[in-house]
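Each residue of the sequence shown is one higher than the one before, starting from 4 at the first, in our numbering. For every residue, glycine included, the Cβ atom is placed at its ideal position computed from N, Cα and C. Take a look at the structure set out below.
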Amino acid sequence: MTDPTEPAELYRHGLRLLLEKDIAGWVGLWAEDGVMEFPFAPEGWPVRLEGRRAVADYMRHYPDHIDLHDFPEVTVHRTTAPGTIVVEMRGVGRLVETGRPFDMTYIAVVTVEDGLITSYRDYWNPLAVSQAGAGFAGAGR
Numbered sequence: 004m005t006d007p008t009e010p011a012e013l014y015r016h017g018l019r020l021l022l023e024k025d026i027a028g029w030v031g032l033w034a035e036d037g038v039m040e041f042p043f044a045p046e047g048w049p050v051r052l053e054g055r056r057a058v059a060d061y062m063r064h065y066p067d068h069i070d071l072h073d074f075p076e077v078t079v080h081r082t083t084a085p086g087t088i089v090v091e092m093r094g095v096g097r098l099v100e101t102g103r104p105f106d107m108t109y110i111a112v113v114t115v116e117d118g119l120i121t122s123y124r125d126y127w128n129p130l131a132v133s134q135a136g137a138g139f140a141g142a143g144r
């Protein structure tokens, strides 16, 4: 039996929630003081979100802009840091506004403490937000 509080299982559960468009459920996986960072964020996009409420505000409109269909490639790497994993993944779907395909690769460094996400560094491709309809949380909104 898998442990739902184990970082890799918690992360995979979060991906299922995103596919179900259950943003509230996904945000519920976060510690109250969890931090989400975007080291490659383009100008006008957030670089750091502090706290579950800020993460919720950021993600609120995600399904209105990006219709995720699958995460066909997910590789979880365990690290020597307690509760920390590195995830390589690919998300596919469509942009709601234009109907164009959405295909993004990510690397995330995620730390889980007491069964909740405390830190999430999302190394996504900032060039992807140059597509019309991709601007759910940044300057392109």
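One or two residues paired with residue i in a DSSP bridge
i: Leu2; result: Because the chain spans 4 through 144 in this model, residue 2 falls outside it and cannot be assessed.
i: Pro104; result: Arg97
i: Tyr65; result: According to DSSP, which records beta bridges pairwise, Tyr65 is partnered with nothing at all.
i: Tyr87; result: In the sequence under discussion, the amino acid at residue 87 is Thr, which differs from the Tyr named in the question. Paired residues: Thr114.
i: Leu119; result: Glu116
i: Asp70; result: Arg97
Which of helix, strand or coil DSSP assigns to residue i
i: Pro75; result: strand
i: Pro49; result: coil
i: Glu12; result: helix
i: Gly17; result: helix
i: Gly141; result: Bear in mind that a pLDDT of 45 at Gly141, under 50, signals an unreliable position, so the number given afterwards is only what the model happens to contain. The answer is coil: DSSP assigns Gly141 none of H, G, I, E or B.
i: Glu23; result: coil
i: Met39; result: strand
i: Asp60; result: helix
Beta-carbon proximity of residue i to residue j, cut-off 7 angstroms
i: Leu22; j: Leu52; result: no
i: Phe74; j: Gly94; result: yes
i: Val30; j: Ala57; result: no
Expected contact under 8 angstroms - CB spacing of residue i and residue j to nearest Å
i: Glu116; j: Gly86; result: 6 angstroms
i: Leu119; j: Gly17; result: No, Leu119 and Gly17 are not in contact; Cβ-Cβ is about 11 angstroms, not under 8 angstroms.
i: Ile26; j: Met62; result: 5 angstroms
i: His64; j: Glu100; result: Contact doesn't hold; Cβ gap of about 12 angstroms is too wide.
Among the options, nearest to residue i - alpha-carbon criterion
i: Tyr123; options: Gly31, His68, Ala111; result: Ala111
i: Thr121; options: Val90, Ala34, Asp60, His16; result: Ala34
i: Ala84; options: Phe43, Asp6, Trp127, Val113; result: Val113
i: Tyr109; options: Arg103, Glu91, Glu12, Gly102; result: Glu91
i: Glu76; options: Leu20, Gly28, Met107, Arg103; result: Met107
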